[in-house]
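Respectively, the protein sequence lines represent chains A and B. For the first sequence, the numbering used here assigns the number 670 to the initial residue and increments by one for each residue that follows. For the second sequence, the numbering used here assigns the number 18 to the initial residue and increments by one for each residue that follows. Notes to accompany the following structure.
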Amino acid sequence: MTRVRIDYRWVAVFAILVTFAVPWFLWGDSRVFAGLPLWLWWHIGWMGLTAVVFHLFTRTAWDRGIVGEGR
Amino acid sequence: MVSALGIQLGVVGAYLVVALAVGLLAYRLTSRDAEDYYLAGRSIGTVVLLFTTFATLLSAFTFFGGPDLAYRAGPEWILVMGVMDGVLFAILWYVVGYKQWLVGRAHGYVTLGEMLGDRFGSTRLRAVVAGISLFWLFPYVMLQQMGAGEAIVGLTNGIVPYWAGAAGITVFMIAYVVIAGLRGVAWTDTLQGLFMLGVVWLAVGWVATAAGGPTALSNALATNKPEFLALGGGLYSPQFIISSAVTIAFGVAMFPQINQRFFVAKSGAVLKRSFALWPVLVVLLFVPAFILGTWAAGLGISVPEGANVLPVLLNEYTPVWFAALVIAGAMAAMMSSSDSMLLSGSSYFTRDLYRPFVNPDASEAREAWLARIGVALFATLTFVASLFRPGTLVSVGDTAFGGFAQMALPVIVALYWTKTTRTGMFAGILGSQAFYLAHVFVPAIEVGSMTLFGATYLTWDYALWGMALSAVLTVGVSAMTAAAPEENQSRFTDGLRAD
């Protein structure tokens, strides 16, 4: 039998990435920067960050929670 | 006006012919056995996999429904689709997709129903999964035809009627799937994905320049639609944003054409690379597409009845040929969506319904012909239904996504929890479908202070409650029942090897 390890740190990281893809703290804010709403800039930046974190995940933790380690 | 019409139809027609030529080329390289026809021989590389999945998402729902919604209700739809597609779906890409890829490679599965049917030792479960998938596929294929019809009306200012656009795309997508199979679809998806990405940015640049720059556009928005600049408000409550993003993301993962993509990657490395690129691609496409709809609202563009905002805006601010080119790109993307849908649908039909129940000994050739006839029939029926236009693009799409989303949690539970039982799966899948269907079709009724079968309970979408129900039923009933002797409980856990 193989043992599958769940890494709760990554679960938490993913949860944060999902939660703040929408800038809830800017709710109702209508400030505009360079022609686009500020909240949209946050979203664009956050998605960039998400891509970087996802890349790190594939480099260091891919297979986590899916393929067992001890074989 | 005649010459403008000539240019519009010429550009759209020429683009579709190029796509067909690529399909024919692919056909010559495709062998005829089923795995190759459906899955391009499990040999799809990173760029093609990413674009083919992406282009499949890139349907009338995104490209015409999205800008329409942004035009009517504001640009927050970018956030909904961003969280949905760029983050939640990417995570499901790993949790569902990578897992299914490993399981599929180990046991040679081609469809979701096949995988679950084998694990739970039940052809009936296999058929139920295929049947439900085909049921919800219907409105989504119809949505593409509606989108094409509305786009043509917007582009030609009503000279070409709605039904003609819808019929045109129907004929084209049938011809295409019947001739080419998935290899053709994958190639053209890549072509179309790249084309769309380029063209939509050109459109943004062009409109922005013609209208005096982004700052002038946001000023126009601040004057005419000040509520659009503020985050939230109107349609966009936190509940709406969360419900839409969650149900669409989980629904997308269960979509036949997306789910089947989980089986096609050449190697795990391909899935890995595409995983990290997902959020970037999503931003690159959705931000410009939906911002165009938002700008149109600020500019006071008026959209004729039954048309899309996008072609109307482009006709106003860009040359005729360019507007036609964008619409051609969008139609091509919709076509590739529909192609993939129809193709996956046909494999669900032949492999999960026809073969196990009607004719187990059907020859490969017979199966291939049956699949093609099925595609033609299905597309014709959705075309007929599209003529009735039962709702807006986004509302029809949402209903279909919600229906698929009801299956997602039972599938995830089955993939990861070895104690899941066949009875638990039936309870979770059928129970949530019954709940969801009742809410789609039964009119709302007031019982005391509560509304039954309304759009929400406690302000949350019924689709979300249905998903919760599906998880509770699957886990609860599994915990109370024992596995049947035909079940293979270790099917999804043992023998999985990383690359």
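Note that beta-carbon positions come from the ideal geometry of N, C-alpha and C, so glycine has one too.
Tell me the rounded alpha-carbon separation between residue 514 of chain B and residue 114 of chain B. Per the coordinates, the alpha-carbon of residue 514 of chain B lies some 15 Å from the alpha-carbon of residue 114 of chain B.
Buried or exposed: residue 453 of chain B, going by 16 or more other Cβ atoms within 10 Å of its Cβ? Residue 453 of chain B should be labelled buried.
Relative to the C-alpha of residue 99 of chain B, which candidate in A/689, A/678, A/679 and A/677 has its C-alpha closest? Of the listed residues, the one whose Cα sits closest to residue 99 of chain B is A/689.
Just how far apart, CA to CA, sit residue 96 of chain B and residue 353 of chain B? Spanning the two alpha carbons is a distance of roughly 25 Å.
From what residue to what residue does the alpha helix (DSSP H) around residue 719 of chain A run? 707-729 is the span of the alpha helix (DSSP H), which, as asked, contains residue 719 of chain A.
Cut-off 7 Å between Cβ atoms - residues of its own chain near residue 407 of chain B, not counting five sequence neighbours on either side: Once the five neighbours on either side are set aside, the close Cβ partners of residue 407 of chain B are 413.
Skipping 5 residues on each side, what residues in its chain have a beta carbon closer than 6 Å to that of residue 206 of chain B? Excluding sequence positions up to five before and after residue 206 of chain B, its CB lies within less than 6 Å of the CB of 68, 69, 72 and 353, all in the same chain and listed in chain order.
What does the alpha-carbon distance come out to for the pair residue 347 of chain B and residue 450 of chain B? Near 32 Å, if we compare the C-alpha coordinates of residue 450 of chain B and residue 347 of chain B.
Name the one or two DSSP bridge partners that residue 684 of chain A has. DSSP lists no partner for residue 684 of chain A.
So is residue 729 of chain A in contact with chain B if we call contact Cβ pairs under 9 Å? So no, residue 729 of chain A is outside the interface.
So with Cβ pairs under 9 Å, would you call residue 703 of chain A a contact of chain B? In terms of beta-carbon proximity, residue 703 of chain A lines the interface with chain B, with at least one pair separated by less than 9 Å.
Contact set between residue 708 of chain A and chain B, taken where Cβ atoms lie within less than 7 Å: Chain-order list of chain B residues neighbouring residue 708 of chain A: 248, by C-beta distance under 7 Å.
Proximal residues to residue 147 of chain B (C-beta, below 6 Å), its chain only, five neighbours per side dropped: Cβ within range, chain order: 130, 365, 369 and 370.
Using the C-alpha atoms, what's the distance from residue 349 of chain B back to residue 210 of chain B? Pairing residue 210 of chain B with residue 349 of chain B, the inter-Cα distance amounts to about 9 Å.
So is residue 230 of chain B buried or exposed if we call it buried at 16+ other beta carbons inside 10 Å? By the neighbour-count rule (16 or more Cβ atoms within 10 Å), residue 230 of chain B is not buried but exposed.
Does the beta carbon of residue 290 of chain B sit closer than 9 Å to a beta carbon anywhere in chain A? In terms of beta-carbon proximity, residue 290 of chain B lines the interface with chain A, with at least one pair separated by less than 9 Å.
Can you tell me the Cα-Cα spacing of residue 18 of chain B and residue 337 of chain B, whole angstroms? With a pLDDT of 49 at residue 18 of chain B, under the threshold of 50, the modelled position of this residue cannot be trusted; read the value that follows with caution. Each residue's Cα considered, the two are about 10 Å apart.
Just to make sure I have the definition right: I need the residues of chain D whose C-beta is within less than 7 Å of the C-beta of residue 732 of chain A. Which are they? Absent here is chain D; the protein component of the structure consists of chains A and B.
For a cutoff of 9 Å on Cβ pairs, would you count residue 235 of chain B as touching chain A? Judged by the 9 Å Cβ criterion, residue 235 of chain B is in contact with chain A.
Nearest chain A C-beta to residue 502 of chain B closer than 9 Å, yes or no? No, residue 502 of chain B does not count as interfacial toward chain A.
Check residue 478 of chain B in the structure and name its three-state DSSP category. Strand, per DSSP.
Is residue 430 of chain B helix, strand or coil by DSSP? Taken through DSSP and simplified to helix, strand or coil, residue 430 of chain B comes out as helix.
Establish whether the CB of residue 698 of chain A and some CB of chain B are separated by less than 9 Å. For residue 698 of chain A, the nearest beta carbon of chain B is closer than 9 Å to its own beta carbon.
Report yes if the CB atom of residue 309 of chain B is closer than 9 Å to the CB atom of residue 327 of chain B, and no otherwise. Closer than 9 Å, so yes.
Under 8 Å from the C-beta of residue 230 of chain B: neighbouring residues of chain A: Near residue 230 of chain B (Cβ distances below 8 Å), the residues of chain A are 704.
Taking just the CA atoms, how far does residue 277 of chain B sit from residue 35 of chain B? Answer to the nearest angstrom: the Cα atoms are 26 Å apart.
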